[in-house]
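Notes follow once the structure below has been shown.
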Amino acid sequence: MADLTTLHYTAEHEWIAVDGDVATIGITDYAAQQLGDVVFVELPSPGSTVTAGQVCGEIESTKSVGELYAPASGEVVEVNEDVVADPSVVNTDAFGSGWLIKLRIDGASLGDTLDRAGYLALTGGDA
Amino acid sequence: MTGPRYTPLRDRHEALGAAFTDFGGWMMPVRYSSDLAEHHAVRQAAGLFDISHMAEFDVEGADAAAFLDYALAGRVSAMAVGKAKYSLVLAESGGIVDDVIVYRLGEHRYLVIANAGNREAVARALTARVADYRGADTGRDVSVEDVSDAFALIAVQGPAARGILEALDDIADLDRPLSELPYYAAAQGRFRQWPLLVARTGYTGEDGFELLVPAEAAGDLWDALLSAGEPHGLVPAGLAARDTLRLEAGMPLYGHELSLDIVPAQAGLGRVVAADKEDFVGRTGLDTVDAGDAPVLVGLVGEGRRAGRAGYEVFDGDERVGEITSGALSPTLGHPIAMAFVAPAAAVPGTPLTIDVRGTRLPVTVAALPFYRRAH
Chain A
984 MADLTTLHYT AEHEWIAVDG DVATIGITDY AAQQLGDVVF VELPSPGSTV
1034 TAGQVCGEIE STKSVGELYA PASGEVVEVN EDVVADPSVV NTDAFGSGWL
1084 IKLRIDGASL GDTLDRAGYL ALTGGDA
Chain B
270 MTGPRYTPLR DRHEALGAAF TDFGGWMMPV RYSSDLAEHH AVRQAAGLFD
320 ISHMAEFDVE GADAAAFLDY ALAGRVSAMA VGKAKYSLVL AESGGIVDDV
370 IVYRLGEHRY LVIANAGNRE AVARALTARV ADYRGADTGR DVSVEDVSDA
420 FALIAVQGPA ARGILEALDD IADLDRPLSE LPYYAAAQGR FRQWPLLVAR
470 TGYTGEDGFE LLVPAEAAGD LWDALLSAGE PHGLVPAGLA ARDTLRLEAG
520 MPLYGHELSL DIVPAQAGLG RVVAADKEDF VGRTGLDTVD AGDAPVLVGL
570 VGEGRRAGRA GYEVFDGDER VGEITSGALS PTLGHPIAMA FVAPAAAVPG
620 TPLTIDVRGT RLPVTVAALP FYRRAH
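For the record, the sequence lines run as chains A and B.
One rule links them: number in this note's numbering = place in the first sequence (from 1) + 983.
One rule links them: number in this note's numbering = place in the second sequence (from 1) + 269.
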């Protein structure tokens, strides 16, 4: 699992780990718990580009459908095929092997994000 | 009405780490651990559900049977004491105010269990109908009382349900042993010092029981069931599992498959209406509705893992023929299932249709309900 204090968070319950010009994106534990058991994920194709703030994927649980918002604009360099094959990983390891996509971003393009404390405040203390 | 309500089992749910959701004005456990684990537990062993949010009405008096024949769609006067019956509260228009289960507890005593969200609507309907039924004839003897707050309702559902109840020493004096209790029948007895009604009914498609006790007994009964059930694989189960279970079992949910705008025949519930009765509320409406062209409820079966959801449109070629009312990836069957209202011409089982899943057309096939039927 990533060091949660080094991650960026969005109000749409995504986390972003930035390493050079590559951002790894997933949804938070809190979001996974709210959704319930994740049974299907649809992710953008590698090589495609996504636009900050736009929906770029879907996360379905038995109960509902959640949308994945691109927290930054960039090119999709990798998609987590293990999660596509077994979406339950999002529930069991949201911050680790449940990551969803990696984007090549321009470092400056990461818009407004929250730090750990800001995100915890947003969700009432739950991660 | 003020803020959300909680059942008498709130502290139990919190101690078990339940996530809560608003359902019909009640804060109810949506899940304790995992929707799928709870769903599978009910299919393979047993699940424990708090359904205390449901509403109960006592209907009593020498004319209770005749009154309910007038107030409900079914012929409840023909029920034997100790039996239960699925019925409908119809509006004058023939539309559905609620679906209910009626228990005949005595020659002149019935219990009507209604949905949490429809408690006020059913209370209003029954109260008005009592007044109409009595009319100027003050000799008619029937009373209706909303006793919802006095009782708690707990369901044990799954193949292990009977074994769990039989392992519970605190249940005594049942007027029939559980082994002789048929589906849609109820036994009366005691749980410790409290009166107990055990009904062989449920909303999951499995064998199971619904237990009615005074509200103050709810916590003790819940605890006793959990500990008696643990060796049998019983787990507490929330509304998320309850919804996928009832969908697999093809059971309607008010506000999805049933509403004031739907007449019983559309929802496949024509058999629930005793049209040969002398008079009942809703008859005039049903007589004037031409249901021939109205959309009818069907099952839809898909492929892959992507499910249609309530509100998604259904197409036959380019023609929009209906709308999904409930849908999910079936945990038991492993493929998407849905219930939908579609035009009669598109309702024949086997008909290939498509659904619009957020801009993508996916193929589905019309299927007979239920999707899942337990092995007997």
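By construction, the Cβ of each residue, glycine as well, lies at the ideal position given by its N, Cα and C atoms.
Asked, Found
"Specify, as a first and last residue, the run of the alpha helix (DSSP H) that Asp280/B falls within.", "Arg279 to Ala284"
"Excluding sequence positions up to five away, which residues of its chain have a Cβ less than 6 Å from the Cβ of Val467/B?", "Ala456, Phe478 and Leu480"
"Per DSSP, Tyr379/B forms a beta bridge with which residues?", "Val328/B and Arg373/B"
"Hey, quick one: how far does the beta strand (DSSP E) through Ser1044/A stretch, first residue to last?", "Val1038 to Ser1044"
"Which of helix, strand or coil does DSSP assign to Gln1017/A?", "helix"
"What residues in its chain sit with their C-beta under 7 Å from that of Arg344/B, if we drop five residues either side in the sequence?", "Asp338, Ala543 and Lys546"
"Which chain A residues sit within Cβ distance under 9 Å of Leu285/B?", "Ordered by position in chain A, no residue passes the 9 Å Cβ test against Leu285/B, which lies about 15 Å from the chain."
"So what does DSSP say about Ala342/B, is it helix, strand or coil?", "coil"
"For the candidate residues Ala340/B, Glu485/B and Val635/B, whose alpha-carbon lies nearest to that of Asp548/B?", "Ala340/B"
"Where does Trp491/B fall in DSSP's three states?", "helix"
"Would you check if there are 3 or more beta carbon pairs closer than 8 Å linking the segment 503-517 of chain B to the segment 1037-1055 of chain A?", "yes"
"So, under 8 Å CB-CB, Leu305/B and Pro600/B are touching, yes? Tell me the CB distance rounded to an integer number of Å.", "5 Å"
"What residues of chain A sit near Ala288/B, judged by a beta carbon separation below 9 Å?", "Gln1016, Gln1017 and Gly1019"
"What does Asp304/B touch in chain A if you count any residue whose Cβ is under 8 Å from its own?", "Gly1019, Asp1020, Ser1044, Thr1045 and Lys1046"
"How long is the line joining the alpha carbons of Phe289/B and Leu450/B, rounded to whole angstroms?", "34 Å"
"Can you pull the chain A residues whose beta carbon is under 9 Å from the beta carbon of Ala518/B, in chain order?", "The premise fails here: Ala518/B is roughly 15 Å from chain A at the closest Cβ pair, so nothing lies under 9 Å."
"Pull up the DSSP beta-bridge partners for Glu1064/A, would you.", "Glu1064/A is not bridged to any residue."
"Hey, is Ala506/B's beta-carbon within less than 8 Å of any beta-carbon in chain A?", "no"
"List, in chain order, every chain A residue whose beta-carbon is nearer than 9 Å to that of Thr513/B.", "Thr1045 and Lys1046"
"Classify Thr594/B as buried or exposed, calling it buried when 16 or more other Cβ atoms lie within 10 Å of its own Cβ.", "buried"
"Which residues, in chain order, does the segment 1047-1081 of chain A contribute to contact with chain B at a C-beta distance below 7 Å?", "Val1048"
"Name the residue from Glu376/B, Arg388/B, Val532/B and Gly351/B whose alpha carbon lies nearest to the alpha carbon of Thr470/B.", "Gly351/B"
"Could you tell me whether the Cβ atoms of Leu1120/A and Ile999/A are closer together than 8 Å?", "For residue 1120/A there is no data in the structure shown, the boundaries of chain A being 984 and 1110."
"If we define contact as Cβ-Cβ less than 8 Å, is Ala509/B a contact residue for chain A?", "yes"
"Note down, in chain order, each residue of its chain lying with its Cβ closer than 6 Å to the Cβ of Val299/B, except the 5 sequence neighbours on either side.", "Ala288, Thr290, Gly507, Leu508 and Ala509"
"When you compare each of Thr620/B, Ile531/B and Gln535/B to Leu569/B by their alpha carbons, which one comes out closest?", "Thr620/B"
"On the DSSP bridge assignment, give the partners of Ile1008/A in chain order.", "Ile999/A and Ile1084/A"
"Could you check whether Phe326/B and Val411/B sit closer than 8 Å to each other, using their CB atoms as the reference points?", "no"
"Select from the segment 555-579 of chain B all residues with a C-beta closer than 9 Å to any C-beta belonging to chain A, and list them in chain order.", "Gly573, Arg574, Arg575, Ala576 and Arg578"
"Would Asp1012/A and Ser1071/A be called neighbours here (beta carbons separated by less than 8 Å)?", "no"
"What's the C-alpha gap between Glu1025/A and Asp1069/A?", "12 Å"
"Based on Cα-Cα distance, which residue from Val369/B, Arg409/B and Arg630/B lies nearest to Ala653/B?", "Given a span of 270 to 645 for chain B in the structure shown, any question on residue 653/B remains unanswerable."
"Does the segment 1028-1035 of chain A touch the segment 580-593 of chain B, meaning 3 or more C-beta pairs lie closer than 8 Å?", "no"
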